[in-house]
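Visitor: Below are the structure tokens for one structure; questions will follow.
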Amino acid sequence: MVRYRVDGHLMAVSCYGTGSPTLVVLTGLTAPAADWDSIARQAGATTRTCVVDRPGVGMSEVRDARGPTSVGDVTREIRQALAAAHADPPYVLVAHSFGGLVARLFVAEKPQDVVGVVFVDASTSDQLVSPAFTDGTWTEAGTSYDMVTTLKQLKAAPSLGSVPVVVLTQDASGDFKTVWFPIQDKLATVSRDTVHVVAIGASHIIQEDKPEIVLAAIDQVVMAARSGMPLGPCASVYPKVGGVCR
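Using this note's numbering, the first residue of the sequence shown is number 31, and each one after it goes up by one.
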């Protein structure tokens, strides 16, 4: 782990391995890079893999006192930290929960830099406007996220074209499944080259409950990005690691 100064505060970047594309893990709200250490190290055996602690999270410094921050703002900070670490594009993004919002804006800022995405039970703009998710407060390390501005940024974000995308969804049930699965199904339309998988037996923290399915998705997307070929059939990969294709 090395810390780099970004906008007056130090941001921690942990990188493993070598190779291209650079895999960038975008963690869930308040989640430190350390939560992804095992997967990042394993992925680093295949390609360079980096995880950034957002300001005030993990080993990064808290921002100076200021008003609410949009997800677009923190996305730009992550890009600056990656540049300081010489973690260069092209990128494959692995986005968990809140990281899904970051991923969409990361792509929107420089779409040519991103050659693949793995969404891990990721948040979306549809979640932000769903009446099922009534708590509109998103805070992290003392910083409030301006979700009104963020929603405008997300609505302006383009689709991912034909970039290879794997959407991993928790094994939800009951009323939550009724709400969550349509949101995840819509996320799976963000690219023309998408595989959507339910991680059987996994909660929202799929990377802990079913790390093998996350690693399989990373391998598939990295290989597609390297070859320039579309993703292979879902059924050829995910049933072996506890996934059900949608």
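Ideal Cβ placement from N, Cα and C applies to all residues, glycine included.
Once the 5 residues before and after Pro263 are set aside, which same chain residues still bring their CB inside 6 Å of it?
Guide: Residue 263 sits at position 233 when you count from the first residue of the sequence shown. So the list is empty, once near-sequence residues are dropped.
Visitor: Considering only residues of the region 65-132, which uninterrupted alpha helix (DSSP H) runs meet the minimum length of 4 residues and lie entirely inside it, listed in chain order?
Guide: Counting only runs of 4 or more, we get 67-73 and 101-114.
Visitor: Applying the criterion that 16 or more other CB atoms from any shown protein chain within 10 Å of the CB defines a buried residue, is Ser203 buried or exposed?
Guide: Residue mapping note: residue 203 aligns to position 173 of the sequence shown, counting from 1. So Ser203 counts as exposed.
Visitor: Within the continuous beta strand (DSSP E) that includes Leu56, where are the two ends?
Guide: As a working mapping, residue 56 is identified with position 26 in the sequence shown. From DSSP, the beta strand (DSSP E) with Leu56 extends over Thr52 to Leu56.
Visitor: So Thr199 is in the beta strand (DSSP E); what residue range does that whole segment cover?
Guide: For the purposes of this step, residue 199 is identified with residue 169 of the sequence shown, where counting begins at 1. Taken as a continuous stretch (DSSP letters only), the beta strand (DSSP E) holding Thr199 covers Val195 to Gln200.
Visitor: Just how far apart, CA to CA, sit Met41 and Pro85?
Guide: On the sequence shown, residue 41 is found 11 positions in, with the first residue counted as 1. On the sequence shown, residue 85 is found 55 positions in, with the first residue counted as 1. Taking the straight line joining both Cα atoms gives about 6 Å.
Visitor: Relative to the C-alpha of Gly146, which residue among Pro194, Thr167 and Leu112 is closest?
Guide: Residue mapping note: residue 146 aligns to position 116 of the sequence shown, counting from 1. When each option's Cα is compared against that of Gly146, the closest is Pro194.
Visitor: Indicate the three-state DSSP secondary structure (helix, strand or coil) for Val252 in the structure shown.
Guide: Against the sequence shown, residue 252 aligns to sequence position 222. The answer is helix: DSSP assigns Val252 an H, G or I state.
Visitor: To the nearest angstrom, how far is the alpha carbon of Ala232 from that of Val244?
Guide: Reading the sequence shown from its first residue, position 202 is the one you call residue 232. Reading the sequence shown from its first residue, position 214 is the one you call residue 244. Their backbone Cα atoms lie some 11 Å apart in a straight line.
Visitor: Anyone know if the C-beta pair for Leu59 and Phe128 falls short of 9 Å?
Guide: In the sequence shown, counting from the first residue as 1, residue 59 sits at position 29. In the sequence shown, counting from the first residue as 1, residue 128 sits at position 98. Yes, the pair counts as a contact, with Cβ atoms nearer than the cut-off.
Visitor: Tell me the DSSP secondary structure of Arg276 in three-state form.
Guide: Stepping through the sequence shown from its first residue, residue 276 is reached at position 246. Looking at Arg276 - three-state DSSP - the assignment turns out to be coil, as it is neither helix nor strand.
Visitor: Just verifying my parser: in three-state terms, what is the DSSP assignment at Phe149?
Guide: Walking along the sequence shown from the start, residue 149 turns up at place 119. Strand at Phe149.
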